[in-house]
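Inspection log for the structure reproduced underneath, given as structure tokens.
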Amino acid sequence: MTERELLKLEGTIRKKMEDIRKQRVSLRESGIGGLMNSLKKVDESLYEKILPEYKKMVAESNIFK
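Next comes the structure, spelled out in structure tokens:
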């Protein structure tokens, strides 16, 4: 995966996280889990950087609305 594709994947994940926080889309509908798994396979250090933010978002957000 090229650097550009990696940046695009990171941007997509961050955008989906923001959409989930603002309850525009549910956690399940967003498909963010698959994107996170793809990121882990490609760049584990970036995955480790985003994972705490992801976990915090899931814990704080009312994702069941």
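Each number in our numbering corresponds to the 1-based position in the sequence shown with 1395 added. Glycine included, C-beta positions come from ideal geometry on N, C-alpha and C.
- The three-state reading of DSSP puts D1414 in helix, counting H, G and I together.
- Where G1426 is concerned, there is no enclosing alpha helix (DSSP H), because DSSP gives it neither an H nor an E.
- Ranked by Cα distance from S1433, the first of E1398, T1397, L1404 is L1404.
- Membership of M1452 in the alpha helix (DSSP H) is indicated by the continuous run 1439–1455.
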